[in-house]
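One structure is given here, and the rest of the page talks about it.
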């Protein structure tokens, strides 16, 4: 009687990239360096075991990603809140004052055609002075004092607006412990002065003085990278409130444009305490009620690559002078651009 012929199964020891299903077992190639008897060759495990392992690994990987994201979120929150400012009586406060100078050629005015709502914006081209200078002095520079932990209160309201010939900044005195947000009052198709200030987590409050629609488009700006934050419509004589939320503590600049009117462009610098000022048309600035101590003074203008810094020491009841000099490196214009005179009192 002939014996049944045995079926031979050939198993290759070459590296395998796929799982071979046997009738009652799963053949697989173990990972190199794994401990156990299977580490040097083929191993045999129950069908589906490799699926359980893959699922377990996927879950562990997902948990690691979730934990990393949570740690990053907490670190970001701490970075934004670690320097919280406190209002406290200022004893023997001092003053910082100075002048911002400009060397080099003053740039030409930027020219924009009015393509929408000429009944409000006008029919002639709009000219925008991105750098305002008179007698080698620089206007619209934002001065801010860093490393102030406590001191005078924020203003009750920070306002800016138009019209073009008399754009203004205005601060309503008050006793706020936090930045009140920035109120922007567009009039005759401008948002106000070229530079302003904002704060993390606070509002841009638009109060449209024009009977036509504007479309505020804001960007978080760092270097050459701009990321959209808001893109909304502001109806004629309407209101719009937008919260400023920078994704990283290192982002300190916001650009504002109007998608309806190309010439409406403004820049804002983040502040963390009420010790800030704007240089006037003669380049002068003053920061008062400064607690005695040593601080870092920043001078920032959006059309210059780098902000400037100085260490300043303020003595009790004293006045500290701090001057800055910016250098323009752009095409000269044919005629000087003189800044428009602000209305008396800085009001509307």
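Residue numbers (the working numbering): 160 to 507. Backbone N, C-alpha and C fix where the C-beta goes; we use that ideal spot for every residue, glycine too. Quick caveat, the model's predicted, so the values are computed rather than measured.
Under the three-state DSSP convention, the category residue i falls into
i: residue 371; result: coil
i: residue 348; result: coil
i: residue 421; result: coil
i: residue 416; result: strand
i: residue 205; result: Bear in mind that a pLDDT of 49 at residue 205, under 50, signals an unreliable position, so the number given afterwards is only what the model happens to contain. Residue state, collapsed to three classes: coil.
i: residue 300; result: coil
i: residue 279; result: helix
i: residue 305; result: strand
i: residue 324; result: helix
i: residue 273; result: coil
i: residue 404; result: coil
i: residue 335; result: strand
i: residue 409; result: coil
i: residue 470; result: strand
i: residue 460; result: coil
i: residue 268; result: coil
i: residue 436; result: strand
i: residue 486; result: strand
C-beta atoms of residue i and residue j nearer than 7 Å
i: residue 367; j: residue 396; result: yes
i: residue 339; j: residue 305; result: no
i: residue 314; j: residue 349; result: no
i: residue 257; j: residue 482; result: yes
i: residue 249; j: residue 450; result: yes
i: residue 346; j: residue 320; result: yes
i: residue 462; j: residue 289; result: yes
i: residue 352; j: residue 326; result: yes
i: residue 303; j: residue 454; result: no
i: residue 369; j: residue 287; result: no
CB-CB length for residue i against residue j, believed under 8 Å
i: residue 354; j: residue 301; result: 5 Å
i: residue 251; j: residue 476; result: 5 Å
i: residue 468; j: residue 457; result: 6 Å
Spatial neighbours of residue i in its chain, beta-carbon cut-off 6 Å, leaving aside the 5 residues before and after
i: residue 292; result: 261, 265
i: residue 479; result: 255, 471, 473
i: residue 193; result: Because residue 193 carries a pLDDT of 45, less than 50, the predicted location of this residue cannot be relied on, and the following value inherits that uncertainty. The answer is none, since no qualifying residue turns up.
i: residue 389; result: 377, 401
i: residue 459; result: 301, 428, 466
i: residue 180; result: With a pLDDT of only 47 at residue 180, under 50, the local geometry of the prediction cannot be trusted, and the value read off the model is given with reservation. If we look at residue 180 and ignore the five residues flanking it on each side, it has no Cβ neighbours.
i: residue 259; result: 297, 300, 438, 442, 483
i: residue 414; result: 378, 380, 426
Cβ-based neighbour list, residue i, same chain, cut-off 7 Å, excluding 5 preceding and 5 following
i: residue 411; result: 428, 429
i: residue 488; result: 263
i: residue 332; result: 314, 315
i: residue 238; result: Low per-residue confidence applies at residue 238: pLDDT is 47, beneath 50, and the placement is therefore not dependable enough to give any value.
i: residue 386; result: 378, 379
i: residue 452; result: 473
Residues of its chain near residue i, where Cβ-Cβ distance is below 8 Å and the 5 sequence neighbours each way are ignored
i: residue 230; result: Note that residue 230 has pLDDT 49, beneath the 50 cutoff, so the model's placement of it is unreliable and the number below is only indicative. Same-chain partners within the cutoff: there are none.
i: residue 398; result: 364, 365, 366, 367
i: residue 404; result: 359, 360, 388
i: residue 283; result: 273
Residue-level contact to chain D via CB, residue i, 7 Å cutoff
i: residue 488; result: In the structure shown, chain D cannot be found, because there is only a single protein chain.
Are three or more beta carbon pairs between the stretch 365 to 384 and the stretch 303 to 314 nearer than 8 Å?
-> no
For the 8 Å Cβ check, are there 3 or more pairs between the stretch 410 to 427 and the stretch 264 to 279?
-> At 8 Å Cβ cutoff, the stretches touch.
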